[in-house]
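Structure first, then comments.
2 protein chains.
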Amino acid sequence: MKMTPLITSAVMHFGEMGSRWGFNRTVGQILALIVLNEEPISAQEIADALNISRGNTSMGLKELQSWRLVKQHLVPGERKEFFIPAGDIWTLANRVFEERRKREIDPTLSLLRDLLLDEPANGTEAGAQNKLNEIHDLLESITAWSEELQNLGPEKLNTLMKLGSGVGRMLDLKDKILPGKNSVN
Amino acid sequence: MKMTPLITSAVMHFGEMGSRWGFNRTVGQILALIVLNEEPISAQEIADALNISRGNTSMGLKELQSWRLVKQHLVPGERKEFFIPAGDIWTLANRVFEERRKREIDPTLSLLRDLLLDEPANGTEAGAQNKLNEIHDLLESITAWSEELQNLGPEKLNTLMKLGSGVGRMLDLKDKILPGKNSVN
DNA sequence: TTAAACTTTCAGTAATTTCTGAAACTTCAA
DNA sequence: TTGAAGTTTCAGAAATTACTGAAAGTTTAA
Chain A
593 MKMTPLITSA VMHFGEMGSR WGFNRTVGQI LALIVLNEEP ISAQEIADAL
643 NISRGNTSMG LKELQSWRLV KQHLVPGERK EFFIPAGDIW TLANRVFEER
693 RKREIDPTLS LLRDLLLDEP ANGTEAGAQN KLNEIHDLLE SITAWSEELQ
743 NLGPEKLNTL MKLGSGVGRM LDLKDKILPG KNSVN
Chain B
593 MKMTPLITSA VMHFGEMGSR WGFNRTVGQI LALIVLNEEP ISAQEIADAL
643 NISRGNTSMG LKELQSWRLV KQHLVPGERK EFFIPAGDIW TLANRVFEER
693 RKREIDPTLS LLRDLLLDEP ANGTEAGAQN KLNEIHDLLE SITAWSEELQ
743 NLGPEKLNTL MKLGSGVGRM LDLKDKILPG KNSVN
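Here the protein sequences line up with chains A and B, keeping their order. If you're matching positions, the first sequence starts at 593 in the numbering used here and goes up one per residue. If you're matching positions, the second sequence starts at 593 in the numbering used here and goes up one per residue.
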C-alpha cells in the first residue's frame, strides 16, 4: 500500500469531511483508502498507512461494515482478513443516503407520530401540533420519495437526473400521459 | 413562553437530533422552540425556556441566522429583538438541504477537480484518479439535480414526489414526449 | 453625556467524542 | 494442547466541541 501524494490528499480530505458525512475522521480515511486502493487491503496495512492504532482501525472497519460500505474479502491461503468496497461508487452513495435517512429522519418520524396521537391540551399545543404535523408529512414524503428513487435503479435514476429542466416540462404534460392516476389537485 | 410537555418533548428531540443534522444540541433546541412558538420570541425567553446561558443563546441564534432558518422580527415599541422562523416548513427544509450541500459536497467537489488536473504519476495513481473521477461526476450530478429540483418550486416538487412509481412509467415514455432533447445514451 | 436595556464576544471550563494500547479473545497449524 | 498470527474490546488519555458568565460593545431615550 503506497500512499502517493494524490492518494494522501484524497484520504486526508475524506477524513476531514468524515464528520460532516456522519462518521468520524479515521472512518472517513479508512473508507477512502479502501475505495482508492485497487487491491484488497488488510487491517494492519490500513493502520500503518494512516498511522492509527490497530484498535481504532478495527472499530472503524466495524463501523464501515455496519454502514454496508466495505466488506471482508477472503484471500485464499491468507490468514488475515482483507477489505474491499461493498460495491461501486453508485452503490456506496446510495448506502450513505439510506443509512443517513435511518439515522436522521426515521427517529424523528417515529417521535412525531407519537406526539401527534396525544390530544392537544390547549391552544398553544394545538398550534405546535399543527407545525409538527407539517413536519411529519414532509419527512414522510421525503422518505417515500427516496425509496421510490432507490428502486428505480441506477440507470433510470441517472436518466432522471440528466433530464435536467426537462423534468419540469414533463410534469406539465403528465396528466396527458398518465391520465387519472396520481393526479394532485 | 410556556413549555408544555408536548413542546418540551419535541424541543428535546430536536436537540438530540441536532448534531446529526449539522448543528449542535442547543441550536437544534432553539430552532424547534422558534418554529413551534406561535409568537415571536426573545433571546432571553429562549435562554430561560432552555436553561442555557445568554451567551450560548446568542451564538445559537447567530448560527441559525447563518443557515437562514430564523430571522429577526422587530416588534414596534420593544427594545429587544425577537425571532421567528425564516419561512414555512418547506422553506426551512430546503434551506437545510442547501446549506448542507454547501458544507458536505461543495468542498469535496472542489478538491476533486484539483486532483483530477494532475497527471497521474503511475499506475496506482491512475487507478485512484479513475475512482475520484467517478465520485466527482456523481457529486456533480447530485448538485445539478438538487438545483434543478429547487427551482422547480414547491408545488411542482410536491407533484413529482407524490407521483410515486408513476415516475418510472413516465421515464419510459419520455422520448415520445420530449423528442431529441436530453436523451441519454 | 449618561445610563439603562439590551447584545455579543471570548477566555476558560465542562462535556463529549475519538483514539490508544494492553489484555482478552479467536483461529488454525503442528 | 500449544503457540503463533491474527482480531476485538474497553478503560483511560487525548483531542475536540460546546457552554458559561463576566466583560466589552451597542443602541436608545432622556
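Where is the CB? At the ideal position from N, CA and C, for every residue including glycine. These numbers come from a predicted model, not from an experiment.
C-beta neighbour in chain B for residue i, strict 8 Å
i, result
"residue 719 (chain A)", "yes"
"residue 662 (chain A)", "no"
"residue 678 (chain A)", "no"
"residue 776 (chain A)", "Caution applies to residue 776 (chain A), whose pLDDT of 43 falls short of 50 and renders its modelled position unreliable; the model cannot decide the point."
"residue 773 (chain A)", "Unreliable positioning characterises residue 773 (chain A) in this predicted model, as indicated by a pLDDT of 48, which lies under 50. The coordinate reading is nonetheless provided below. Interface residue, yes."
"residue 733 (chain A)", "yes"
"residue 691 (chain A)", "no"
"residue 632 (chain A)", "no"
"residue 740 (chain A)", "yes"
"residue 671 (chain A)", "no"
"residue 705 (chain A)", "no"
"residue 782 (chain A)", "With chain A running from 593 to 777 in the structure shown, residue 782 (chain A) is simply not present."
Where residue i falls: helix, strand or coil (DSSP)
i, result
"residue 667 (chain A)", "coil"
"residue 733 (chain A)", "helix"
"residue 757 (chain A)", "coil"
"residue 599 (chain A)", "helix"
"residue 714 (chain A)", "coil"
"residue 610 (chain B)", "helix"
"residue 593 (chain A)", "coil"
"residue 775 (chain A)", "Residue confidence for residue 775 (chain A) is low, a pLDDT of 43 falling below 50, so the modelled location carries little weight; the figure read from the coordinates is stated next. Three-state DSSP puts residue 775 (chain A) in coil, outside helix and strand."
Paired residues, beta bridge with residue i - DSSP
i, result
"residue 662 (chain A)", "A:677"
"residue 644 (chain B)", "Answer by DSSP bridge pairing: none, since residue 644 (chain B) is not bridged."
"residue 633 (chain B)", "B:675"
Beta carbon proximity, residue i to chain A, threshold 8 Å
i, result
"residue 763 (chain B)", "yes"
"residue 596 (chain B)", "yes"
"residue 681 (chain B)", "yes"
"residue 639 (chain B)", "no"
"residue 619 (chain B)", "no"
"residue 694 (chain B)", "no"
"residue 607 (chain B)", "no"
"residue 716 (chain B)", "yes"
"residue 635 (chain B)", "no"
"residue 599 (chain B)", "yes"
"residue 746 (chain B)", "no"
"residue 759 (chain B)", "yes"
"residue 752 (chain B)", "yes"
"residue 726 (chain B)", "yes"
"residue 710 (chain B)", "yes"
"residue 668 (chain B)", "no"
Endpoints, alpha helix (DSSP H) assigned at residue i
i, result
"residue 702 (chain A)", "698-709"
"residue 745 (chain A)", "Segment: none, residue 745 (chain A) is in no alpha helix (DSSP H) and carries neither H nor E."
"residue 617 (chain A)", "617-628"
Check whether residue i and residue j have beta carbons under 8 Å apart
i, j, result
"residue 599 (chain A)", "residue 632 (chain A)", "no"
"residue 695 (chain A)", "residue 738 (chain A)", "no"
"residue 596 (chain A)", "residue 717 (chain B)", "yes"
"residue 645 (chain A)", "residue 672 (chain A)", "no"
"residue 655 (chain A)", "residue 615 (chain A)", "yes"
"residue 584 (chain B)", "residue 660 (chain B)", "Residue coverage of chain B in this structure runs from 593 to 777, which leaves residue 584 (chain B) outside it and unanswerable."
"residue 749 (chain A)", "residue 748 (chain B)", "no"
"residue 720 (chain A)", "residue 628 (chain B)", "yes"
"residue 753 (chain B)", "residue 733 (chain A)", "yes"
"residue 638 (chain A)", "residue 662 (chain A)", "no"
"residue 701 (chain B)", "residue 735 (chain B)", "yes"
"residue 724 (chain B)", "residue 708 (chain B)", "yes"
"residue 618 (chain A)", "residue 652 (chain A)", "yes"
"residue 727 (chain A)", "residue 703 (chain A)", "no"
"residue 759 (chain B)", "residue 608 (chain A)", "no"
"residue 688 (chain A)", "residue 613 (chain A)", "yes"
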